[in-house]
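Residue numbers (the UniProt record's numbering), protein chains in the order written: chain C, 1 to 456; chain W, 1 to 352. Beta carbons are placed, not taken as given, at the ideal position from N, Cα and C, and that holds for glycine. Heads up: the structure comes next, in structure tokens.
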Amino acid sequence: MSTATRAPLSLDPRVCGRSVPSSDRTALPSVLGGDLADIGTAPRLLALAALNEIRGHADGRAPDPAVFTEAARLFAVATLDGESPQDYVDRVCQATGLTSSAVGQAVRDLVEEMEELPATTAAELPATGFGEGFDTRWVPRGKVFAAVMASNHPVPNISWVQALFHGYNVLVKPGSRDPFTPARLLAALVAAGLPPTKAAFLPCSREVGEFLLREADRGIIYGGEKAVATWHQRESVAVRGPGRTKALLDVPADDAVMDHLALSASFDGGTRCTNLSAVLTTGPVGEVADRLAERLGRLPSLPASDEGATLLVVNRARAAQLREQVAVLRAALTDHSARAGEEETVVELEDGSFLLRPVVLSVDSAGHPALGTELPFPFVVVAPWSEADGVAPLRDSLVLNLLTDREELVEAALREPSVRKVTRGRVLPWTAVPGIPHDDNYTQFLLEPKGLVAQG
Amino acid sequence: MTQMTDPGFDSHIRKLMGWHFGADTGSPFWLGKLSGLGFDPLTEVQTLSDLTRFPDVSSELRSVPAQDLIPAGLADRPFRVYDSGGTTGSPKRVVDSAYRSLMTVWGRERLLANGVPPHGNWLHLGPSGPHVIGFDTARYAALGGGIFYTVDLDPRWVKRLLSQGRAADADEYVQHLLDQAETILESQDVTVLNTTPPLLEAICARPRLYELVRTRIRAIIWAGTSISGESLRQLSEVFFPTASVVGVYGNSLMGVAPQRAARPGDTHPCVFEPFPDTTRLQLVDDDGEPVAYGERGRVRLHLVAEEMFLPNILERDTAVRVEPVPGSPVDGLADVQTYRSLDDVTIIEGVY
């Protein structure tokens, strides 16, 4: 991952297939120290000009589905805008601190999700024929879609690709640390035959991204609690905030179960919104937390480029910020990682990056406010749960992993509106096939049914 | 190191020390400070660099009775009070009788040099009332024989909404302002628009109003908040390619510093210069020393006029120091931005 000898990398907004160099520049720092890239950012007026142009071309027609399978292939294997697949992986690793194996997995997942778009669509829409002359057509709910992305992981970029698939024209605000994934996806799509006038790539501030969301017909926003707070009430915007994925451990905690929980928390360095962040248990809290801390403590401290690496690295500034934030929590709660010999949240690596060690803490009640704390690395709070606590402590979960035989509780969890997906047994939280919603029916968020009746 | 000699301004300073610290001519405010200064301005203040011996009195302008700011030598003249916008807490007050009128004659020449038509009617979509920009803009229109249209804008209300996180309410207020601007432009003949970067962005996002401005307005003057280089390029090249887009930096205390005419070799699209007769803007580092050309520094104001004396005032802005044009006694300022940590008061840049 040496870039010292390379020319400085530079990336600018792209509108309708053209590069639009901006005189407003911002440096994208590398986790190894220094700057990785020089990014041209779009102020509001550039974004408005792009929006006007994109809207002018928006006709609501879906591109040929073959574009998406070919784009998936190119995304994985082609050199696009001078960027080889390995360049792409290196850049995302250095910018986000994800391990190269996590980014490699993300490429495979994105390819699969793009190839599955027709299957996903079929699975998420009901049948449309209602007898001779009676049809329902599923059409886009608008013409222009805006996506405000985060940088925690490349795979969420599938959300705006899906909007393109259904016929929207799309404006993408990339995450500030990962402009590379949307830029490469867009390059692959255009190379595969997507009309360039279908999309704009606009690195910009959060404020400009929110301006695009307000102006677009439909949109999606990813981010932390504060970033997404004002968007919950807006019907035209899908909100992807903190996942607060939880597990209820109500079976004997054998090694297989503990390994499952450790993997749920630490896969991809704990960066997914579906990574486990809380365990509620009917068993002995201290023992469960100690065993989880011990397992997570075995994960090696390796540079992100190492094939054996699993944990996230960050740059010096972000490390300092996270260390301080976590220190408050470690001091206030029972610190099982410290008991397992892990005093430090942050470890400085030889390549200049800072690795975030897993942290397991416990609290003494299911209603403790620390439950639901979501941090961008393996961070788990363990709490007691008893039947008297009911479903309340399990609320606000993107995924709820129920390791229990209590059928009543499974039913109650499924009926709880703030629980978005339920898994049972040793199932990793993100496990799905087309038709299993991540968070509601996203195809129907993009499309609406219209009656088409033709007689005589 | 890069401090230039400025004999004309130095002699102006010496003359006005006699005025502001003369028992019969000075203001109660400055005469009251005399004994506590620790130096004699009449003999010890000889040049521009000596002005930094004065304390920064800008905070006192928030509470001193404005009457006390009027020099005794001008007691027979009518004065009025103007406020700073109140970006950082309660407003600072200045007094003005004829000074701004004099400065706007010079300022108008600068605007014309940048392509603002000499005649024609003006629309001021910005603050008026206690905010001096409303007066200045009315003067520009009057000097060219133009009619002056305006819309009420209370910038403090907008800042209050934004500081409370009420962005939707702030936007509703902005749309209310734009409704009124649109009404004026629908039927009235307007040539020059004076407004702020955030309001220009809002105008561009309203198709009908944007068309009216694009097709009717020959010159757009922006002031009041900072603007990025790319935003400026978008305004002048993409949204209003046939109009002159001209910036004016300034505030109640310093007066106006309009954009100077572009010169070959300029690396900044917009370079501001203050009124050289009375005003020096220095760009200084954290130790108060002037930064080198091409470097960014915080703005330090020295205003030496008959009606007001405001030496050694550290402003809320930073800018890049630009070499003066040949024959000019003043540096240029480019890429003005808000200084980030000022006495722990959160700075809110609203629509003005």
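Using a Cβ-Cβ distance cut-off of 8 Å, determine whether C/A58 contacts chain W. Not closer than 8 Å to any Cβ of chain W, the Cβ of C/A58 fails to qualify, so no.
Please confirm if C/L46 has its CB atom under 8 Å from at least one CB of chain W. Contacts with chain W at 8 Å (Cβ-Cβ) include C/L46.
Which ranges does the alpha helix (DSSP H) cover as unbroken runs of at least 4 residues, wholly within the region 49 to 135 of chain C, from first to last along the chain? With a minimum length of 4 residues, the unbroken runs of alpha helix (DSSP H) contained wholly in the region 49 to 135 of chain C fall at 66 to 77, 85 to 96, 100 to 115 and 117 to 124.
Within 8 Å (strictly less), CB to CB, does C/S10 reach chain W? No - not a single Cβ of chain W is within 8 Å of the one on C/S10.
Would you kindly check if the distance between the Cβ of C/V288 and the Cβ of C/A253 is under 8 Å? One thing to note: C/A253 has its Cβ within 8 Å of the Cβ of C/V288.
Which residues, in order along the UniProt domain "AMP-dependent synthetase/ligase" (183 to 299) of chain W, keep a beta-carbon less than 7 Å from a beta-carbon of chain C? Cβ contacts with chain C come from E201, C204, A205, S228, G229, E230, S231, R233, Q234, L235, V238 and F239.
Under 8 Å Cβ to Cβ from C/A392, same chain only, skipping five residues before and after it: list those, please. Counting only Cβ-Cβ distances below 8 Å, and skipping sequence neighbours, we find A366 and G367.
When you check each C-beta in the region 24 to 47 of chain C against every C-beta of chain W, which residues fall closer than 7 Å? The region 24 to 47 of chain C vs chain W, Cβ under 7 Å: D24, P43, R44, L45 and L46.
Give the interface partners of C/R22 over in chain W, defined as CB-CB distance under 8 Å, in chain order. Going by the sequence as given, residue 22 of chain C is Ser instead of Arg. Residues of chain W whose Cβ lies closer than 8 Å to the Cβ of C/S22 are, in chain order, E230.
Please go through the region 155 to 242 of chain C and give each complete beta strand (DSSP E) segment of 3 or more residues, from N-terminal end onward. Fully enclosed beta strand (DSSP E) runs of 3 or longer: 169 to 173, 199 to 201, 218 to 222 and 237 to 240.
For C/A49, decide whether its Cβ has a neighbour in chain W, counting only Cβ atoms nearer than 8 Å. Yes - at least one Cβ of chain W is within 8 Å of the one on C/A49.
Closest Cα partner of C/T373 within the set C/R291, C/V279 and C/E411: Among C/R291, C/V279 and C/E411, the Cα nearest to that of C/T373 belongs to C/V279.
Start and end of the alpha helix (DSSP H) containing C/A454? That residue, C/A454, is in no alpha helix (DSSP H); it is neither H nor E in DSSP.
What does the Cβ neighbour count give for W/T346, buried or exposed, with the cut at 16 atoms within 10 Å? Note that W/T346 scores a pLDDT of 42, beneath 50, so its modelled location is shaky and nothing firm can be said.
Beta carbon of W/F239, beta carbon of W/C204: below 8 Å? It is a contact, given that the beta carbons lie within the stated cut-off.
Just reading off the beta strand (DSSP E) that W/D317 is part of, what are its end residues? Taken as a continuous stretch (DSSP letters only), the beta strand (DSSP E) holding W/D317 covers F309 to V322.
CB-CB under 6 Å to W/L143, same chain, minus the five flanking residues each way: which ones, in chain order? Result list for W/L143: R108, in chain order.
Considering just the uninterrupted stretch of the alpha helix (DSSP H) at W/E44, what are its terminal residues? Looking at the DSSP string, the run of the alpha helix (DSSP H) that includes W/E44 is P41 to E44.
What alpha helix (DSSP H) runs, 4 residues minimum, are completely inside the UniProt domain "AMP-dependent synthetase/ligase" (183 to 299) of chain W? The UniProt domain "AMP-dependent synthetase/ligase" (183 to 299) of chain W contains these whole alpha helix (DSSP H) runs: 197 to 204, 207 to 216 and 229 to 233.
On a CA-only basis, which of C/P242, C/L171, C/P126 and C/F145 is nearest C/E225? Give me that one, please. C/P242 is the residue among C/P242, C/L171, C/P126 and C/F145 whose C-alpha sits nearest the C-alpha of C/E225.
Report the rounded CA-to-CA distance for W/A167 versus W/V158, giving the unit in angstroms. Each residue's Cα considered, the two are about 9 Å apart.
Closest Cβ-Cβ distance between W/T346 and chain C: below 8 Å? In this prediction, W/T346 has a pLDDT of 42, which is less than 50 and means its spatial position is unreliable; what the coordinates show is noted afterwards. It does not: the Cβ of W/T346 has no partner Cβ on chain C nearer than 8 Å.
Simplified DSSP state of W/I70, which is helix, strand or coil: Assigned with DSSP and collapsed to three states, W/I70 falls in coil, not helix or strand.
Quick check on W/Q164: does DSSP put it in helix, strand or coil? DSSP places W/Q164 in coil when its eight states are reduced to three.
Which residue wins for smallest C-alpha separation from W/P276, given the options W/D285, W/D287 and W/P258? That would be W/P258, whose Cα lies nearest to the Cα of W/P276.
Three-state secondary structure (DSSP) at W/A75? Shown here, W/A75 sits in coil according to DSSP, grouped into three states, outside any helix or strand.
I need the straight-line Cα distance from C/V427 to W/P155, nearest angstrom please. C/V427 and W/P155 have their C-alpha atoms roughly 56 Å apart.
Nearest-angstrom Cα distance between C/V67 and C/D439? Taking the straight line from one Cα to the other gives about 26 Å.
C-alpha gap between W/G327 and W/F39, whole angstroms: The C-alpha of W/G327 lies about 33 Å from the C-alpha of W/F39.
According to DSSP, what are the bridge partners of C/P384? Its beta-bridge partners are C/T281.
Ordered along the chain, which non-local residues of its own chain (more than five positions away) have a Cβ less than 8 Å from that of W/D50? These residues qualify, in order along the chain: I13 and E44.
Taking the beta carbon of W/D343 as the centre, do at least 16 other beta carbons fall within 10 Å, making it buried, or is it exposed? Note that W/D343 has pLDDT 41, beneath the 50 cutoff, so the model's placement of it is unreliable and the number below is only indicative. Its Cβ having fewer than 16 others within 10 Å, W/D343 is exposed.
Any idea which residues DSSP pairs W/H302 with across the strands? As DSSP reads the structure, W/H302 sits in a beta bridge with W/R280.
Between C/R73 and C/V111, what straight-line distance do the alpha-carbon atoms span, to the nearest angstrom? Near 7 Å, if we compare the C-alpha coordinates of C/V111 and C/R73.
Anyone know if the C-beta pair for C/A216 and C/L171 falls short of 8 Å? With contacts defined by Cβ atoms closer than 8 Å, C/A216 and C/L171 form a contacting pair.
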